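Just add 161 to wherever you are in the sequence shown, counting from 1, and you've got this note's numbering.
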Amino acid sequence: MIAEKGRIMRYARLMSLRRPSEAFYDRSGATAIIVALAMPVVAAGMGLGAEAGYHLLLQRNMQQAADMAAHAGAIRLRAGDGEMRVRAAAQDAAIQSGFPPEGGNLFVNTPPVSGAYQGSASSVEVQLTKSQPRYFSAIFVDEPVAISARAVANVERSTSRACVLALAPTASRAITVTGSTDVSIQNCDVVTNSNAKDAFYMHGNGKLTAGCVRSVGGAQIEKTTNLVMRCDAAEEMVPLVRDPYADIPEPAIEQPCDEVGKNQRQFEADFPHSSGVRSMRICGGLDIKNHASFAPGLYIIDEGELSLNANADVALDEASLEGPGVTFYLANGATLSLSGNGDFNIQAPTAGPYAGILFFGSRSASGLTHEVLGNSRSTTQGAIYFPSSGVRFLGNSRITNGCTQIISHTVEFTGNSTLRSNCETNNVREIETKVLVRLVE
Numbered sequence: 162m163i164a165e166k167g168r169i170m171r172y173a174r175l176m177s178l179r180r181p182s183e184a185f186y187d188r189s190g191a192t193a194i195i196v197a198l199a200m201p202v203v204a205a206g207m208g209l210g211a212e213a214g215y216h217l218l219l220q221r222n223m224q225q226a227a228d229m230a231a232h233a234g235a236i237r238l239r240a241g242d243g244e245m246r247v248r249a250a251a252q253d254a255a256i257q258s259g260f261p262p263e264g265g266n267l268f269v270n271t272p273p274v275s276g277a278y279q280g281s282a283s284s285v286e287v288q289l290t291k292s293q294p295r296y297f298s299a300i301f302v303d304e305p306v307a308i309s310a311r312a313v314a315n316v317e318r319s320t321s322r323a324c325v326l327a328l329a330p331t332a333s334r335a336i337t338v339t340g341s342t343d344v345s346i347q348n349c350d351v352v353t354n355s356n357a358k359d360a361f362y363m364h365g366n367g368k369l370t371a372g373c374v375r376s377v378g379g380a381q382i383e384k385t386t387n388l389v390m391r392c393d394a395a396e397e398m399v400p401l402v403r404d405p406y407a408d409i410p411e412p413a414i415e416q417p418c419d420e421v422g423k424n425q426r427q428f429e430a431d432f433p434h435s436s437g438v439r440s441m442r443i444c445g446g447l448d449i450k451n452h453a454s455f456a457p458g459l460y461i462i463d464e465g466e467l468s469l470n471a472n473a474d475v476a477l478d479e480a481s482l483e484g485p486g487v488t489f490y491l492a493n494g495a496t497l498s499l500s501g502n503g504d505f506n507i508q509a510p511t512a513g514p515y516a517g518i519l520f521f522g523s524r525s526a527s528g529l530t531h532e533v534l535g536n537s538r539s540t541t542q543g544a545i546y547f548p549s550s551g552v553r554f555l556g557n558s559r560i561t562n563g564c565t566q567i568i569s570h571t572v573e574f575t576g577n578s579t580l581r582s583n584c585e586t587n588n589v590r591e592i593e594t595k596v597l598v599r600l601v602e
């Protein structure tokens, strides 16, 4: 018994003298087995993490494409383009930003159909979706990953306004100020949408007082001392300014020509026009040489020339001074000529389909020029709107009272012409400048 006990003690002493490395080798076998079993799980976790990171990168890139697309669409909306051009601009921007046209869905909504700006006519919504195949995660789920992005850009309202806007997109000298002309619209901007390097041209002794001169292209100014503005200098390479009357359809010519006497002094529109106003159609032009009064309504000048000559005096009927005014629509090549010593005191309607428009030139009348010349002294309330034709203020023409908006293909001030305009309290549509586009969602 004692001998057996001694053998056990000697064995214990021998075991205590074994090298540490031998004990480690005994334990390493179990560790290797654990590592071998865990490696598939670790590899799968790393793969799933890499896949999730890749999907996150795709989503960020898609969000950037949505942001760029919404912004591009809103820029076209700011310029006054229709829905088709807004959509085309947004789609092109999304593709240029890396969104694949194949295998994905792109939706452009104006106005937006969801979110805080739902129904806003000044906003563009872009939604992008794409199905991305799975990699490691396909072990667990067969369905592809749906990646989506959404953005909304809004055209913000501006406090800057224009009273003169030239719509020609490429014309040289779209707005010209020359001679001894004197134009004063202190609280309004002068804007040209032309991208020509001399889109705004000022030469000679002409003087212009305005809020600011803004040009999509460039500005050539000979004497900066004759240009008085609230801004430090003429602003070039600015965004396009929207035509505020672009959505108003041209009046339909529905009635026969009205008989007009040679020396007729009273004009009354009495035909029930489909636009909802009373109208009168004058064919072959109208030459006014005496006092003439126009009752409220739409006056269609079909061909010829609407002219004011000699000592003519044109005014609204007294009974309508505080009511709706008149709109002269120049159709089929008709032109406007205000000359001689005539006074022109008239106002546009303040309500109805042609509210704010005093003279409306046909959008198909390209190449025509309307003139205000001689010693005409005018008080006008409303817009001189010739979207496809030019207008010239020359000679000793004077428009010194009221609110006169000039929206024309091109605009020229020359000679000794004088223009004064104040539209702060008038109901004409505003020509907004310095309009910003901002991502809001």
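C-beta: ideal position from N, C-alpha, C; glycine also. Every value quoted in this text rests on a predicted model; they were computed, and no experiment measured them.
Residue interval of the alpha helix (DSSP H) (run including residue i)
i	result
D253	E244 to Q257
8 Å Cβ shell around residue i - same chain, five flanking residues per side excluded
i	result
D463	I414, C418, R442, I443, C444, G445, A492, N493 and A495
A357	T331, A332, S333, R334, A335, G378 and G379
R426	N451, H452, A453 and S454
Q279	P272 and P273
Check: residue i C-beta below 6 Å from any heavy atom of the ligand PLP
i	result
S436	This structure lacks the ligand PLP, and indeed carries no ligand of any kind.
When the options are compared against residue i, the one with the closest alpha-carbon
i	options	result
D379	P400, K368, G372 and N387	Here the sequence assigns Gly to residue 379, which means Asp is not the residue at that position. Nearest option by C-alpha distance: P400.
I308	K291, A360, E591 and S498	K291
Q288	G234, E396, E397 and V325	G234
L497	I449, Q508, P514 and G513	I449
T488	A516, G243, T353 and L499	A516
H232	L219, P261, V269 and E263	V269
L600	G243, V285 and N266	V285
R590	G543, S549 and G576	G543
D359	E383, S341 and G465	E383
D404	P548, L267 and I256	P548
Q416	L219, S435 and P410	S435
T342	L555, T594 and E593	L555
E532	E466, E411, N366 and I507	E466
D228	T594, A240, E244 and D253	D253
A312	A255, G367 and P294	A255
Sequence-distant residues of the same chain with beta carbon closer than 7 Å to residue i, five excluded per side
i	result
Y546	Y406, I518, F520, F521, G522 and I568
R246	R237
A430	R439, S440, M441, A456, G458, L459 and Y460
A277	E602
T594	S319, S321, R322, A323, D350, V352, R375 and V402
L219	Q293 and I308
Contacts around residue i, its chain only, beta-carbon distance under 6 Å, and the 5 residues preceding and following it disregarded
i	result
C665	Look at the range of the chain in this structure, 162 to 602, and you will see that residue 665 is not part of it.
T370	S345, Q347 and V389
A329	A335, S355, H570 and T571
A250	A233, G234 and R237
V274	none
Y362	R334, T337 and Q381
A395	V374 and A380
A480	Only weak support is given to the placement of A480: the predicted model assigns it a pLDDT of 35, under 50, and the question is left unresolved by the model.
Q224	A310
S527	S549
E573	T337 and R553
G365	T339 and G340
Extent of the continuous beta strand (DSSP E) to which residue i belongs
i	result
L491	V487 to A492
G265	G265 to N270
M390	L388 to M390
R311	V306 to V316
T339	From DSSP, T339 is part of no beta strand (DSSP E); its letter is neither H nor E.
L469	E466 to L469
S290	Checking the sequence, you will find Thr at residue 290 rather than Ser. Element bounds for T290: S284 to Q293.
A453	A453 to F455
I449	L447 to I449
E532	T530 to V533
R599	V598 to L600
H498	Going by the sequence as given, residue 498 is Ser instead of His. Where S498 is concerned, the enclosing beta strand (DSSP E) stretches over T496 to L499.
E593	I592 to T594
For residue i: DSSP bridge partner residues
i	result
A544	I518 and Q566
D350	A323
Q381	Y362
R375	V352 and E396
Y406	None, per the DSSP bridge assignment.
I462	I443 and L491
I551	Reading the sequence as shown, one finds Gly at residue 551 and not Ile. Paired residue(s): T530 and T571.
Q427	S454
Q508	Q542
P433	R439
L369	V344 and L388
Distance between beta carbons of residue j and residue i, contact taken as under 8 Å
i	j	result
V316	S283	4 Å
A314	V596	Actually they do not touch by this definition, with Cβ atoms about 12 Å apart.
G437	G513	7 Å
R322	C349	6 Å
G265	T575	With a Cβ gap of about 56 Å, G265 and T575 do not count as contacting.
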